[in-house]
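J.: After the structure tokens below, expect a handful of questions from me.
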Amino acid sequence: MRLHHHVRTLFAAGMLIVVSAVHAEEERRELGPHVHGHGTLVIVVEDNNLQMELSAPGMDIVGFEYEPETARERKAVEDALADLKEPLKLITLPESAGCTVTSADASIAVKDHEDHDEAAGAEKTAETDEKEGRHTEFRASYALACADTASITSIYFPFFNRFSGSEMLAVTTITDNGQSSYEVTREVRRLEEM
Ligand SMILES: [Zn+2]
Numbered sequence: 096m097r098l099h100h101h102v103r104t105l106f107a108a109g110m111l112i113v114v115s116a117v118h119a120e121e122e123r124r125e126l127g128p129h130v131h132g133h134g135t136l137v138i139v140v141e142d143n144n145l146q147m148e149l150s151a152p153g154m155d156i157v158g159f160e161y162e163p164e165t166a167r168e169r170k171a172v173e174d175a176l177a178d179l180k181e182p183l184k185l186i187t188l189p190e191s192a193g194c195t196v197t198s199a200d201a202s203i204a205v206k207d208h209e210d211h212d213e214a215a216g217a218e219k220t221a222e223t224d225e226k227e228g229r230h231t232e233f234r235a236s237y238a239l240a241c242a243d244t245a246s247i248t249s250i251y252f253p254f255f256n257r258f259s260g261s262e263m264l265a266v267t268t269i270t271d272n273g274q275s276s277y278e279v280t281r282e283v284r285r286l287e288e289m
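Counting from 1, position 80 in the sequence shown corresponds to residue 175 in the working numbering; the numbering is continuous, with no gaps.
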């Protein structure tokens with residue numbers, strides 16, 4: 096099936112990473128280069144089921160990517176993860192689609208400086224600040240059951256209201272009709288004519 100082929104292709108490209116962590120634990124896994132301000136959202140529509148995979152740099156979500164140190168920073172991370180588990184408050188689907196969330200997970204992926212150095216091909220001394228080169232990404236994985244996915248012709252993104260560091264989301268949709276790419280931005284928070 097064409098749909099499945101696309102899904103496999105995305106997996107192979109490393110664009111779709113299934114986040115299985117239910118709790119707010121950190122994950123140490125391969126983290127590709129990211130651009131602060133730029134996140135990604137993959138939406139897979141199959142019949143009346145919707146799957147979404149969201150990924151955004153820590154900078155976009157909480158404004159820092161180091162290990163939270165203060166109570167305030169820890170709370171910022173906890174609050175962000177809690178809010179990321181309520182996708183319909185961040186990514187608004189048309190009411191006529193009748194979508195309800197059947198699962199929502201959020202977690203943080205960490206890339207530490209050793210990995211970073213390797214990726215950059217640069218050598219660092221032992222004095223290197225622990226924080227230097229550390230990057231984090233918030234990831235969320237959603238499943239929704241809808242009454243009518245065909246009526247999802249536009250999507251609004253309160254995501255940008257909630258996460259002030261985010262400037263852009265690159266959105267990929269995968270449906271029976273194939274794969275499409277869009278950009279939604281802080282300036283234009285709506286995806287139209289899907
Ligand atoms: Zn970063």
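Using N, Cα and C, we set each Cβ at its ideal position, and we do this for glycine too.
Where does Lys244 fall in DSSP's three states?
T.: Counted from its first residue, the sequence shown places residue 244 at position 149. For the sequence presented, residue 244 should be read as Thr rather than Lys. Helix.
J.: By the DSSP assignment, the beta strand (DSSP E) with Gly153 in it spans what residues?
T.: The residue given as residue 153 occupies position 58 in the sequence shown. Segment 153-156 is the alpha helix (DSSP H) holding Gly153; no beta strand (DSSP E) there.
J.: Indicate the three-state DSSP secondary structure (helix, strand or coil) for Lys180 in the structure shown.
T.: Your numbering for residue 180 matches position 85 in the sequence shown. Three-state DSSP puts Lys180 in coil, outside helix and strand.
J.: Run through DSSP, which three-state label would His118 get?
T.: Taking the sequence shown and counting its residues from 1, the one referred to as residue 118 is at position 23. Unreliable positioning characterises His118 in this predicted model, as indicated by a pLDDT of 37, which lies under 50. A coordinate reading is not provided.
J.: Quick one: is Pro128 buried, meaning 16 or more other Cβ sit within 10 Å of its Cβ, or exposed?
T.: Taking the first residue of the sequence shown as position 1, residue 128 is located at position 33. Exposed, since its Cβ has fewer than 16 Cβ neighbours within 10 Å.
J.: With C-beta atoms as the reference, is Phe252 less than 8 Å away from Arg229?
T.: Working through the sequence shown from its first residue, we reach residue 252 at position 157. Working through the sequence shown from its first residue, we reach residue 229 at position 134. Contact flag unset, no.
J.: Compare the C-alpha of Gly134 against each of Ala166, Glu148, Asp142 and name the closest.
T.: Along the sequence shown, read from residue 1 onward, the residue named residue 134 stands at position 39. Measuring from the Cα of Gly134, the nearest candidate turns out to be Glu148.
J.: Considering Cα atoms alone, identify which of Glu181, Leu136, Asn144 is closest to Pro152.
T.: Within the sequence shown, residue 152 is the residue found at index 57, counting from 1. Closest option to Pro152, Cα to Cα, is Leu136.
J.: Would you say Pro152 touches ligand 1, meaning its beta carbon is less than 7 Å from a heavy atom?
T.: Counting from one through the sequence shown, the residue named residue 152 turns up at place 57. Yes, Cβ of Pro152 sits closer than 7 Å to a heavy atom of ligand 1.
J.: Since I believe Leu185 is in contact with Phe254 (beta carbons under 8 Å), could you give me their beta-carbon distance rounded to a whole number of angstroms?
T.: By one-based count along the sequence shown, residue 254 stands at place 159. By one-based count along the sequence shown, residue 185 stands at place 90. Their Cβ separation, rounded to whole angstroms, is 4 Å, which keeps Phe254 and Leu185 in contact under 8 Å.
J.: Which of the three DSSP states, helix, strand or coil, is assigned to His101?
T.: Against the sequence shown, residue 101 aligns to sequence position 6. Unreliable positioning characterises His101 in this predicted model, as indicated by a pLDDT of 46, which lies under 50. A coordinate reading is not provided.
J.: Would you identify the three-state DSSP class for Glu213, choosing helix, strand or coil?
T.: As a working note, residue 213 is residue 118 in the sequence shown. Note that Glu213 scores 43 on pLDDT, short of 50, meaning its location in the model is unreliable; the coordinates nonetheless yield the value given after this. Helix at Glu213.
J.: Which residues in the same chain as Ile156 place their Cβ atom closer than 6 Å to its Cβ, once the five residues preceding and following it in sequence are excluded?
T.: As a working mapping, residue 156 is identified with position 61 in the sequence shown. If we look at Ile156 and ignore the five residues flanking it on each side, its Cβ neighbours are Ala175, Phe233, Phe258.
J.: Using the DSSP secondary-structure output, state which residues sit across from Arg234 in a beta bridge.
T.: In the sequence shown, counting from the first residue as 1, residue 234 sits at position 139. The partner list for Arg234 (beta bridge, DSSP) reads Ser150, Ser202.
J.: What is the rounded straight-line gap between the Cα of Gln274 and the Cα of Ala166?
T.: Counting from 1 along the sequence shown, the entry for residue 274 is found at position 179. Counting from 1 along the sequence shown, the entry for residue 166 is found at position 71. Taking the straight line from one Cα to the other gives about 43 Å.
J.: To the nearest angstrom, report how far apart Ala265 and Thr280 are at their CA atoms.
T.: Here residue 265 refers to the residue found at position 170 of the sequence shown. Here residue 280 refers to the residue found at position 185 of the sequence shown. Each residue's alpha carbon lies about 9 Å from the other.
J.: Helix, strand or coil for Arg167, going by three-state DSSP, please let me know.
T.: Within the sequence shown, the letter at position 72 stands for residue 167. DSSP places Arg167 in helix when its eight states are reduced to three.
J.: According to DSSP, Arg285 sits in a beta bridge with which residue or residues?
T.: Here residue 285 is taken as the residue at index 190 of the sequence shown, counted from 1. DSSP, once it has assigned bridges, lists Tyr251 as partnering Arg285.
J.: Following the continuous beta strand (DSSP E) through Tyr277, name the residue where it begins and the one where it ends.
T.: Translated into positions along the sequence shown, residue 277 becomes position 182. Note, Tyr277: beta strand (DSSP E), 273-280.
J.: Within 10 angstroms of the Cβ of Thr268, are there 16 or more other Cβ atoms? Answer buried if so, exposed if not.
T.: Locating residue 268 in the sequence shown gives position 173, where the first residue counts as 1. When all chains shown are included, Thr268 counts as buried.
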